[in-house]
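In what follows, a single structure is set out as structure tokens and then discussed.
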Amino acid sequence: MAENVLSTPGHLVSLAARGFARLSESRLKPLGFGVGQLPVLVALKDGNASTQRDLARFAKVEQPPMAQMLARMERDGLIERTPDPVDGRSSRIVLTRAAQERMPVAIATLFQGNREALAGFTQAEEAQLIDLLTRLIANLDQMAGAEAR
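Here the sequence shown is numbered in my numbering, starting from 611 and rising by one per residue.
Listed below in structure tokens is the structure:
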């Protein structure tokens with residue numbers, strides 16, 4: 611029996627990711643956020659990054675797209691940049707008060723969307739899915755790193 615390319619994990623994960631992205635985008639837009647901004651928002655909120663370089667690394671994107679995203683976020687009043695006291699060529703990036711105030715609602719909205727998408731899944735199935743996807747992402751990251759060398 612021939613394999614169906616539309617039933618492969620890669621294709622199904624891609625469909626799921628696009629579905630989550632569409633759902634999240636439609637729910638975050640009224641709050642002034644975009645789904646692509648999530649890694650930046652979370653990293654800044656949690657204190658995991660404060661420079662463009664750190665944010666690009668955290669979000670696993672290249673510097674130019676990160677610079678563009680940060681420029682849009684600054685224009686939209688989500689972030690502020692201040693000179694880095696240690697490195698004058700760099701800037702520290704922080705969430706604005708407005709973004710900080712909307713973050714709890716945005717996070718709750720995303721969790722609600724996940725709960726709805728996983729309707730009918732047991733807690734064990736949800737935990738297993740998270741574990742499997744985490745391992746899959748680690749494998750893909752390892753493969754990408756090997757190919758880059």
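Glycine included, each C-beta is placed from N, C-alpha and C at the ideal position.
What residue range is occupied by the uninterrupted beta strand (DSSP E) comprising residue i?
i      : result
Glu690 : Ile689 to Pro693
Of the residues the options, which one's Cα is nearest the Cα of residue i?
i      : options                           : result
Asp697 : Leu750, Ala626, Thr661 and Glu711 : Thr661
Val704 : Ile689, Arg712 and Pro695         : Ile689
Arg663 : Asp656, Glu672 and Gly657         : Glu672
Ile717 : Leu739, Gly642, Ala681 and Leu680 : Gly642
Met777 : Arg702, Gly657, Met713 and Leu648 : This structure gives no information on residue 777, because the portion of the chain shown stretches from 611 to 759.
Ile747 : Ser624, Glu711 and Ser700         : Ser624
Leu633 : Lys670, Asp741 and Ala727         : Ala727
Ala659 : Arg707, Ser701, Ala734 and Leu622 : Ser701
Glu684 : Ala709, Asp694, Pro674 and Pro695 : Ala709
Pro619 : Leu743, Met753 and Phe668         : Leu743
Arg712 : Gly646, Lys655 and Pro695         : Lys655
Asp686 : Phe668, Gly644 and Ile740         : Gly644
Gly755 : Ala653, Lys670 and Asn614         : Lys670
Alpha helix (DSSP H) containing residue i: first to last residue?
i      : result
Val712 : For the sequence presented, residue 712 should be read as Arg rather than Val. Segment Arg707 to Ala727, the alpha helix (DSSP H) holding Arg712.
Gly698 : Careful: Gly698 lies outside any alpha helix (DSSP H) and carries neither H nor E.
Leu743 : Gln733 to Ala758
Glu635 : Pro619 to Leu638
Run through the DSSP bridge pairs and tell me what residue i is partnered with.
i      : result
Ile703 : Arg691
Identify every run of the alpha helix (DSSP H) within the stretch 650–690, keeping only runs that are complete inside it and at least 4 residues long; order them along the chain.
-> DSSP runs (the alpha helix (DSSP H)) wholly in the stretch 650–690: 662–669 and 673–685.
Check whether the stretch 624–643 touches the stretch 714–723, taking contact to mean three or more Cβ pairs, one atom from each stretch, closer than 8 Å.
-> Touching, yes.
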